[in-house]
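Structure, as structure tokens:
Numbering (our numbering), first residue to last: 11 to 362.
Pasting the structure below:
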């Protein structure tokens with residue numbers, strides 16, 4: 011949103027000072043927020059940013075970005091940082107470890123009714139989503155892959171696959187496909203042998219991976235266009251394109267329950283206002299809005315109370331108890347300790 015410009019041909023000196031003062035004050039009421047674009051950011055804007063900004067009487071300047079790597083680049087170059095960035099929980103944990111984020115003030119931000127584990131010292135949960143395996147119903151009907159073993163079984167389910175072009179989740183699904191119980195996945199992945207085992211399983215599937223997707227918008231479009239027969243991806247993105255007629259379905263079984271969060275980059279121009287804004291969008295009544303636009307669950311469990319979210323809609327959300335119990339929760343400690351090593355190993359495998 012852009013500020014209105016005032017054009018005046020002749021100004022008295024006192025008038026010039028007044029206008030300059032007004033411009034300066036209004037600039038203090040503008041927050042820059044970077045997110046990932048597409049249907050996700052559109053939902054964030056309608057459900058979170060705009061309602062909260064209206065209540066606070068401020069203006070939001072939205073931008074799209076490529077993740078914490080962009081925060082890192084701005085930090086190194088000395089460029090002006092965004093005030094708030096949306097991030098995956100794992101990326102935020104790594105960025106915090108690098109000193110790229112401001113600690114959050116939980117005397118300002120109330121997380122007393124949040125689900126346990128959906129906020130950290132540097133990032134406060136915005137929504138809960140699932141990484142699932144989605145399939146083309148034109149190819150498989152309603153009998154698509156119901157487990158990661160099915161996803162990797164190219165004889166039982168012939169067809170093209172798509173996986174993310176980063177290590178995120180790929181190591182975990184490979185071990186599940188190889189028979190590791192979900193409660194043992196991170197224990198196994200915390201060893202060199204476990205990471206090698208996961209990579210070997212991914213190498214088996216690699217010839218059948220037609221596209222290594224880079225964004226949520228891309229993996230959703232792949233399914234909408236029928237370019238691949240199955241893919242990993244974020245549940246809400248698939249629901250959006252399904253409403254637009256895409257032949258796609260998915261199952262929460264063996265999904266990965268994760269959350270997105272909001273962080274304040276180190277050196278943000280409007281840190282105090284950003285903190286107050288995070289407090290506002292963490293309120294149950296604001297977080298409940300998101301389910302109207304995309305099927306991601308709230309981090310604030312109070313949003314499920316008092317009819318803030320329609321019960322029929324609630325049952326489709328990843329954090330709904332019956333759905334959550336089928337899934338594996340993301341382990342941020344593993345990402346912090348082994349993420350850099352896993353990323354390097356995965357990228358090397360891609361170039362083989």
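Beta carbons: idealized from backbone N, C-alpha and C, even for Gly.
The beta strand (DSSP E) enclosing residue 145, as first and last residue numbers: 134-146
Continuous alpha helix (DSSP H) assignments of at least 4 residues falling wholly in the region 194-244: 195-199, 202-215, 226-235
At least three beta-carbon pairs within less than 8 Å, the region 329-339 to the region 152-164: no
Inter-stretch contact at 8 Å, needing at least 3 Cβ pairs: the region 214-230 / the region 190-197: no
Local Cβ density within 10 Å of residue 241, reported as buried at 16 or more and exposed below that: buried
C-alpha distance - residue 247 paired with residue 357, whole-angstrom precision: 25 Å
Length of the line joining the Cα atoms of residue 363 and residue 320: Nothing in the structure corresponds to residue 363, since the chain is present only between 11 and 362.
Beta-carbon proximity list for residue 115, same chain, < 8 Å, skipping 5 on both sides: 285
One or two residues paired with residue 119 in a DSSP bridge: According to DSSP, residue 119 bridges with nothing at all.
Supposed contact pair residue 275 and residue 81 - C-beta distance, whole angstroms, cut 8 Å: 5 Å
Exposure of residue 168, with buried meaning 16 or more beta-carbon neighbours within 10 Å: exposed
Own chain, CB closer than 6 Å to residue 257, minus 5 neighbours either side, in chain order: 146, 147, 148
Where residue 199 falls, given that 16 or more other Cβ within 10 Å makes a residue buried: buried
Sub-8 Å separation of residue 40 and residue 74 beta-carbons: no
Residue(s) in a DSSP beta bridge with residue 40: 69
Other residues of its chain near residue 42: CB distance less than 7 Å, five sequence neighbours each side excluded: 71, 73, 92, 93
DSSP beta-bridge partners of residue 307: 138
Alpha carbon of residue 229 to alpha carbon of residue 236, nearest angstrom: 11 Å
Whole-angstrom distance between residue 118 and residue 289, CA atom to CA atom: 6 Å
Residue 337 in three-state terms, based on DSSP: coil
Cβ neighbours of residue 348 in the same chain (closer than 8 Å, five flanking residues each side left out): 199, 200, 205
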